[in-house]
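Student: The structure follows.
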Amino acid sequence: MQEALTLAEFASKVILLHRAGALTGQACYRERVTAHQRIDIRFNTIVDEILGESTVTGVRTRNASTGAGSDLEVAAVFAYVGLQPNTAFLKERMELDAAGRIPTDASMRTGLAGVCAAGNIRCSSPHRAASAAGDGATAAVALDRYLADGVWRT
Ligand SMILES: Cc1cc2nc3c(=O)[nH]c(=O)nc-3n(C[C@H](O)[C@H](O)[C@H](O)COP(=O)(O)OP(=O)(O)OC[C@H]3O[C@@H](n4cnc5c(N)ncnc54)[C@H](O)[C@@H]3O)c2cc1C
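Heads up, the sequence shown is in my numbering, so the first residue is 2 and it goes up one at a time.
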């Protein structure tokens, strides 16, 4: 929703395609996006393909409920995806929260000795590039200490 609002400052029309049947973000953004004259929200819509050869000409979409497909003519695509942590392979090895993120302490140490988690993958991450980089630096210090003295203090 934040991205749609920003794009709507520059584009004549923004179509927000959402897989679910309702917006679930913060109420202030829901209200602004819903009321915005240049933002058209389409629910239950999955993007299967971005169309075009040298430039984007459209997107091939599918209705999440009925499976019906349709092509939508657009001049550009901004993909806001990629927030789901890829941690299924860790399930047997360490604790994960309900969303699949890894709990850490302030030094980015997990409950498993010698393993730190940094960035979006950890619980309570602010989901920002700068904080992910900071997490990485913090984790490096913790791991350096662990390699030096072999003690995993949590
Ligand atoms: C559309 C979008 C827009 C954003 N805009 C902003 C912004 O304007 N400003 C801002 O600060 N932040 C923004 N963010 C958030 C920012 O991108 C993230 O906070 C940051 O990239 C997190 O870094 P990360 O290293 O934790 O994770 P990622 O950048 O997601 O990196 C994780 C890497 O691990 C790889 N990987 C996954 N599974 C495995 C595996 N099993 N083995 C090996 N590698 C694996 C992935 O391929 C990926 O390369 C945006 C995010 C998105 C999705």
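We treat Cβ as the ideally placed atom computed from N, Cα and C, and that holds for glycine.
#1: Would you mind sorting P86 into buried or exposed? The rule is 16 or more other CB atoms within 10 Å of its CB.
#2: How about S1: is its Cβ closer than 8 Å to a heavy atom in ligand 1?
#3: In the structure shown, what three-state DSSP assignment does G59 receive?
#4: Along the beta strand (DSSP E) that carries G70, what are the first and last residues, could you check?
#5: Does at least one heavy atom of ligand 1 sit under 8 Å from the Cβ of F11?
#6: Just to be sure I understand the criterion: a residue counts if its Cβ is closer than 5 Å to at least one heavy atom of ligand 1. Which residues meet that?
Tutor: To lay it out plainly:
#1: Counting the other CB atoms within 10 Å of its CB gives P86 a total of 16 or more, which places it among the buried residues.
#2: Outside the displayed range of the chain (2 to 155) lies residue 1, so it cannot be described from this structure.
#3: In the displayed model, G59 falls within a strand according to three-state DSSP.
#4: Where G70 is concerned, the enclosing beta strand (DSSP E) stretches over G70 to E74.
#5: Checking the Cβ of F11 against ligand 1 gives no.
#6: Qualifying residues come out as Y81, G83, N87, G120, N121, H128, R129, A130 and A133.
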